[in-house]
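Numbering (UniProt numbering), first residue to last: 1 to 401. Everything on this sheet refers to the single structure shown next.
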Amino acid sequence: MTYYRAVGQIPPKRHTQFRKPSGELYYEELMGEEGFSSDASLLYHVGVPSAIVDSQVWTLPDLATTANHPLTPRHLKLHGLFEGLDWKANDVVTGRRLLLGNGDVRISYVWAGEESPYYRNSIGDECVYVETGSARVETVFGVLEARAGDYVLLPRATTHRWIPTGDEGIRAYAIEANSHIAPPKRYLSRYGQFLEHSPYCERDLHGPTEPFVAEGTDVEVLVKHRGNGPSGIVGTRMTYATHPFDVVGWDGCLYPYTFNVEDFEPITGRVHQPPPVHQVFEGYNFVICNFCPRKVDYHPLAVPVPYYHSNVDSDEVMFYCGGDYEARKGSGIGLGSISLHPGGYAHGPQPSAIEASLGAESFEELAVMVDTFRPLEMGEAGQESDDGEYAWTWAGRRTGG
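Here it is as structure tokens:
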């Protein structure tokens with residue numbers, strides 16, 4: 001993120017004295033990526049941002065994974081994961097259930113109605129897609145208002161908490177990286193400005209507009225960090241002497257923001273366009289795409305649904321979150337479904353969907369796709385939500401063999 005922003009009170013020059021009305025100094029914190037050689041922001045705290053008074057183990061939810069072996073395409077039904085559970089007592093951070101993961105990225109799902117604890121992911125950036133509902137996301141940089149269709153981008157080590165704001169709670173699809181998540185480089189100039197061929201631009205990114213200053217002492221923050229747990233991740237409960245949300249101002253190019261899928265302008269053509277035209281973000285060894293309502297191929301002999309394809313270098317995860325997905329008709333997939341098509345397996349539309357799509361002028365569909373360049377394994381929620389039948393649907397069968 002190289003789009004500069006300044007919020008609240010800051011001194012005229014960085015790394016210089018900046019004093020409170022009482023005459024005491026504010027405490028300057030540099031939050032930066034890649035060891036002082038990439039994007040960064042400077043935050044000005046009332047209290048000492050390093051002052052902790054306690055540190056205890058935080059036992060994380062189940063992050064163990066099981067290999068997808070024998071190699072099998074999967075259909076995961078996410079909306080059933082919280083049936084019979086009290087989602088109103090759930091929160092967006094501790095209530096996440098792991099669907100899929102590898103050494104680069106973890107994908108979880110949650111339905112929550114309770115405010116979360118204060119939380120900081122020190123493993124990597126988070127990209128949380130809001131399927132339904134709304135939330136107030138309070139961060140050390142300020143407040144974000146998140147609504148259905150928003151991607152909420154939270155840079156690594158951003159202290160924040162989620163507060164659902166509607167009676168229906170919030171359903172969220174969390175993509176947690178071991179790296180940073182950013183717009184694709186091909187959309188950006190060498191200085192970081194969005195180029196004319198990009199399907200979105202700076203006007204579509206909504207960051208904090210004013211400080212959010214809170215007071216308090218002995219404030220507990222759940223911290224996810226590197227260690228020897230499953231996937232190399234462990235948790236700690238850190239208690240801070242003063243409230244982490246004591247920032248009176250900040251400036252820089254690193255901060256949380258939202259981007260709504262409705263602001264993505266689809267790239268279309270006379271014949272079917274490949275998935276990279278749908279890309280919205282990228283991380284190390286994975287990309288995020290969205291398939292939005294759009295006009296489809298307009299060649300007179302065009303086949304609007306995808307051709308069969310074998311992504312030999314990647315696993316493909318598609319989360320169906322809106323509309324009516326044409327290529328999957330007859331498969332059992334619907335809203336709240338995930339399809340997993342692993343690398344080494346050729347996949348494509350259900351056979352009946354090909355003829356049915358001919359002559360279509362537009363598709364009213366919405367899906368979030370993650371392609372990973374290392375194989376994904378199944379988390380506990382992925383195994384529980386697997387329908388066990390999807391792999392055989394192209395052959396017209398309901399069981400294997």
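The beta carbon of each residue, even a glycine, is placed where N, CA and C say it ideally should be. Here the structure is a predicted model, which is why all the values come from computation and not from measurement.
Item                                                                                                                                                                    : Value
Could you check what DSSP says for A89 in three-state terms: helix, strand or coil?                                                                                     : helix
So G26 and Y4 are supposed to be a Cβ contact under 8 angstroms. How far apart are they, rounded?                                                                       : Reading off the sequence, residue 26 comes out as Tyr, not Gly. That pair is no contact at about 21 angstroms.
Just to confirm, are D91 and A112 a CB contact at a threshold of 8 angstroms?                                                                                           : yes
For F286 versus F373, is the C-beta distance shorter than 8 angstroms?                                                                                                  : yes
Specify the secondary structure class of Y187 as computed by DSSP and reduced to three states.                                                                          : helix
Give me the Cα-Cα distance between S337 and Y345, rounded to the nearest whole angstrom.                                                                                : 19 angstroms
So, does the segment 168-186 touch the segment 116-136, judging by three or more C-beta pairs under 8 angstroms?                                                        : yes
Rounded to whole angstroms, what is the Cα-Cα separation between G142 and A157?                                                                                         : 14 angstroms
My guess is that L153 and Y257 are in contact by the Cβ rule of under 8 angstroms, so how many angstroms apart are they, rounded?                                       : 5 angstroms
Please list, in chain order, all residues of the same chain as A6 whose beta carbon is under 6 angstroms from its beta carbon, the five residues on each side excluded. : D251
Going by beta-carbon coordinates alone, are Y200 and E265 separated by less than 8 angstroms?                                                                           : yes
So does the segment 76-89 actually touch the segment 345-357, counting three or more Cβ pairs closer than 8 angstroms?                                                  : no
Just checking my contact of V219 with T236 at CB under 8 angstroms: how many whole Å lie between their CB atoms?                                                        : Not a contact, Cβ separation roughly 14 angstroms.
For the segment 263-283 against the segment 302-316, are there 3 or more C-beta pairs whose distance is under 8 angstroms?                                              : yes
When you compare only the Cα positions, how much space is there between T139 and R106?                                                                                  : 22 angstroms
Could you check what DSSP says for Y3 in three-state terms: helix, strand or coil?                                                                                      : coil
Just to confirm before moving on: does the CB-CB distance between V312 and E361 stay below 8 angstroms?                                                                 : no
Please report the straight-line C-alpha distance between W394 and P276, rounded to a whole angstrom.                                                                    : 25 angstroms
Could you spell out the range, first to last residue, of the beta strand (DSSP E) harbouring S235?                                                                      : Contrary to the premise, residue 235 reads as Gly rather than Ser in this sequence. Taken as a continuous stretch (DSSP letters only), the beta strand (DSSP E) holding G235 covers 233-242.
By DSSP, does F286 sit in helix, in strand, or in coil?                                                                                                                 : strand
Check whether the Cβ atoms of L335 and Y320 lie closer than 8 angstroms to each other.                                                                                  : yes
Report yes if the CB atom of Y151 is closer than 8 angstroms to the CB atom of Y119, and no otherwise.                                                                  : no
Should G388 be flagged as near chain E, meaning a C-beta pair shorter than 8 angstroms?                                                                                 : The question asks about chain E, but that chain is absent: this structure has only one protein chain.
Note the first and the last residue of the continuous beta strand (DSSP E) segment covering Q383.                                                                       : Q383 -> not in any beta strand (DSSP E); alpha helix (DSSP H) instead, spanning 380-385.
Indicate whether L222 and W87 have their beta-carbon atoms separated by less than 8 angstroms.                                                                          : no
Given a cut-off of 8 angstroms on the beta-carbon distance, is the pair E29 and P49 in contact?                                                                         : yes
Use the C-beta contact count for R226: other C-beta atoms within 10 angstroms, 16 or more gives buried, fewer gives exposed.                                            : exposed
Measuring only the C-alpha atoms, how far is R14 from L42?                                                                                                              : 8 angstroms
Could you please give me the residues that DSSP links to T372 through a beta bridge?                                                                                    : F286, D315
From which residue to which residue does the beta strand (DSSP E) around P164 run?                                                                                      : 160-164
So which of Y255, E24, I267 has the shortest CA-CA distance to P293?                                                                                                    : I267
Verify whether the separation of the beta carbon atoms of G8 and T242 is less than 8 angstroms.                                                                         : no
If you draw a straight line from the alpha carbon of G84 to that of G388, how long is it in whole angstroms?                                                            : 21 angstroms
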